[in-house]
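First the structure, in the form of structure tokens, and then the observations on it.
Number of protein chains: 2
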Amino acid sequence: MGNKGENNRQRIVSAADQLFYRRGYNQTSFRDISDETGIPRGNFYYYFKTKEDILGAVIDARVNAFEEMLEACSSSASDPRERLLCFTNMLSVSEDAVLQAGCPIGTLSSELAKDDDAYQEMSRAVFTVIRQWLVKQFNALGSSSSDEKAMDLLARMQGVCVMACAFDDRKYLRRSLADIQAWVNSQTLS
Amino acid sequence: MGNKGENNRQRIVSAADQLFYRRGYNQTSFRDISDETGIPRGNFYYYFKTKEDILGAVIDARVNAFEEMLEACSSSASDPRERLLCFTNMLSVSEDAVLQAGCPIGTLSSELAKDDDAYQEMSRAVFTVIRQWLVKQFNALGSSSSDEKAMDLLARMQGVCVMACAFDDRKYLRRSLADIQAWVNSQTLS
DNA sequence: GTCTATAGCCGGATAGAC
DNA sequence: GTCTATCCGGCTATAGAC
Chain A
4 MGNKGENNRQ
14 RIVSAADQLF
24 YRRGYNQTSF
34 RDISDETGIP
44 RGNFYYYFKT
54 KEDILGAVID
64 ARVNAFEEML
74 EACSSSASDP
84 RERLLCFTNM
94 LSVSEDAVLQ
104 AGCPIGTLSS
114 ELAKDDDAYQ
124 EMSRAVFTVI
134 RQWLVKQFNA
144 LGSSSSDEKA
154 MDLLARMQGV
164 CVMACAFDDR
174 KYLRRSLADI
184 QAWVNSQTLS
Chain B
4 MGNKGENNRQ
14 RIVSAADQLF
24 YRRGYNQTSF
34 RDISDETGIP
44 RGNFYYYFKT
54 KEDILGAVID
64 ARVNAFEEML
74 EACSSSASDP
84 RERLLCFTNM
94 LSVSEDAVLQ
104 AGCPIGTLSS
114 ELAKDDDAYQ
124 EMSRAVFTVI
134 RQWLVKQFNA
144 LGSSSSDEKA
154 MDLLARMQGV
164 CVMACAFDDR
174 KYLRRSLADI
184 QAWVNSQTLS
């Protein structure tokens, strides 16, 4: 009952997470994950039944990571606008990664939409966690149609990621984040 | 000197175009294109040296198709706002496809960003054609910072495509297109 | 639990007959 | 120009020793 196995499992998920982001799910092979972790290819099947199962574990890990991040934003301020700014600031913290590979959630979702349908529903979970948290913040601001605003904010950030990555344009990314944050600040507390 | 060869070449590019859109570039095999066209796999190498060359031809075809489409929008109206609305209406015309596979330009760009760098620059060409046309229209409206507005409009449309596809949400897509078009209409002719 | 070897399949690419 | 047969390598997945 040692937890060495759990360590290895986590290391596989963590490496797969990074690789799925930087190369894409379909373009990441077991060999890549093996090279990254030093764990032999054959061992993966002790922890996971299929590659799809690894994808599921990666998505679970991302859901957890975003839940923690959103919780941290919730804790960092009581003003919902401040919380929303904390969330959008992700685009600044991850600037280099966004320019190179886009948004991890958006690009995975777009990729999986072209594979089997079951995959796409898995990836939607990450968006859903964020969407619901955003709805809470807009509700706290007394907004009408909070879900629409949540979707609008998500869409705006996704669009900025797509374009910033497509043109590898750091200035555009920074300007657009500033625009988004100005919009958030304009959301009045009724 | 028959043009039968040119026909086959076009049929390959056309089938590849569709498949790259619906399944992704990396997930489309020569076998897929062969099944779709009835042209044997081996023949592809008479028309193209590598799969990458087929990608190049597909991107060229898309550039041409968008140039024609934008030209049609230019011809359809003299009011730049009307022209911009004509362009954004693409999201309505391609509703089903967008819900299933996202934006053909954006998703290809995101996919290729994770492959070799050279690929990504190829795919940027399609965005660039549209971007320049949009700048012209905003200039005609007397806008300041037309390029920023062009990028903002593109980003907004990209974001809507990502989210509409992720949630397979037709209502959201329609509402967001209406929002975008309202924004276009609010761009005053100075 | 860990590791090696390998099966079985499919990918892009090539050779060469017609 | 068209088509078939095939090479070679990489992929996921499995078998089985330790």
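Chains A and B supply the protein sequences, listed in that same order.
So for the first sequence, this note's numbering puts the first residue at 4; every next one is plus one.
So for the second sequence, this note's numbering puts the first residue at 4; every next one is plus one.
Each residue gets a CB set at the ideal place from its N, CA and C atoms; glycine is no exception.
Since we're looking at a predicted model, the values are computed, not measured.
Spatial distance of residue i from residue j (CA atoms)
i, j, result
"SER174 of chain B", "ASP155 of chain A", "For clarity, residue 174 of chain B is Lys in the given sequence; the question names Ser instead. Computed Cα separation, rounded: 13 Å."
"ALA143 of chain B", "TRP136 of chain B", "11 Å"
"ILE15 of chain B", "ILE183 of chain A", "43 Å"
"ILE62 of chain B", "THR110 of chain B", "13 Å"
"ALA121 of chain A", "LEU176 of chain B", "22 Å"
"ALA64 of chain B", "ASN10 of chain B", "14 Å"
"TYR72 of chain A", "SER97 of chain A", "Strictly speaking, residue 72 of chain A in this sequence is Met, with Tyr absent from that position. Rounded to whole angstroms, MET72 of chain A to SER97 of chain A spans 13 Å at the Cα level."
"LEU157 of chain B", "LEU192 of chain A", "30 Å"
"GLN103 of chain B", "ASP20 of chain A", "25 Å"
"ASN46 of chain A", "ASN92 of chain A", "39 Å"
"GLN123 of chain B", "GLU74 of chain A", "36 Å"
"PHE170 of chain B", "SER112 of chain B", "20 Å"
"ASP99 of chain B", "ASP172 of chain B", "10 Å"
"ALA185 of chain A", "ASP82 of chain A", "15 Å"
"ASP119 of chain A", "ASP119 of chain B", "25 Å"
Nearest-angstrom beta carbon gap, residue j and residue i [assumed within contact, 8 Å]
i, j, result
"LYS117 of chain A", "GLN161 of chain B", "About 16 Å separates the two Cβ atoms, so there is no contact after all."
"VAL163 of chain A", "SER179 of chain A", "4 Å"
"ARG44 of chain B", "VAL187 of chain B", "With a Cβ gap of about 46 Å, ARG44 of chain B and VAL187 of chain B do not count as contacting."
"TYR24 of chain A", "PRO107 of chain A", "5 Å"
Which of helix, strand or coil DSSP assigns to residue i
i, result
"ALA116 of chain B", "helix"
"ILE131 of chain A", "Looking at the sequence itself, residue 131 of chain A is Thr, so the reference to Ile does not match. Here THR131 of chain A sits in helix by DSSP."
"LEU58 of chain B", "helix"
"PHE51 of chain B", "coil"
"SER97 of chain A", "coil"
"SER148 of chain A", "coil"
"ILE42 of chain B", "coil"
"GLY8 of chain B", "helix"
"ASP82 of chain B", "coil"
"TYR28 of chain B", "coil"
"GLN21 of chain B", "helix"
"GLY162 of chain B", "helix"
"GLN123 of chain B", "helix"
"LEU192 of chain A", "coil"
"GLY105 of chain B", "coil"
"ASN67 of chain A", "helix"
"ASP172 of chain B", "coil"
"ASN142 of chain A", "helix"
Close Cβ partners of residue i (< 7 Å) along its chain, the five nearest in sequence each way excluded
i, result
"MET4 of chain A", "Residue confidence is low: MET4 of chain A scores 46 on pLDDT, short of 50, so the model does not pin down where it sits. No coordinate-derived value is stated."
"LEU22 of chain B", "THR31, ASP35, ILE36 and GLU39"
"PHE141 of chain B", "SER149, LYS152 and ALA153"
"GLY105 of chain B", "CYS164, VAL165 and CYS168"
"GLY27 of chain A", "GLU114"
"PHE69 of chain B", "VAL129, VAL132 and ILE133"
"ALA18 of chain B", "ILE36, GLU39 and THR40"
"ALA181 of chain A", "none"
Close beta carbons around residue i, own chain, < 8 Å, minus the five adjacent residues each side
i, result
"GLY59 of chain A", "MET125"
"VAL101 of chain A", "LEU94, CYS164, ALA167, CYS168 and LEU176"
"LYS54 of chain A", "PHE33"
"ILE42 of chain A", "ASN11, ARG14, ILE15 and ILE36"
Residues near residue i by beta carbon distance below 6 Å, same chain, minus five either side
i, result
"PHE51 of chain A", "ILE57"
"MET166 of chain B", "none"
"VAL66 of chain A", "ALA128, VAL129 and VAL132"
"CYS76 of chain B", "ARG86, CYS89 and PHE90"
"ARG12 of chain B", "TYR50"
"LYS139 of chain A", "none"
"ARG159 of chain B", "ILE183"
"GLY8 of chain A", "none"
"SER79 of chain B", "CYS89"
"SER146 of chain B", "LYS152"
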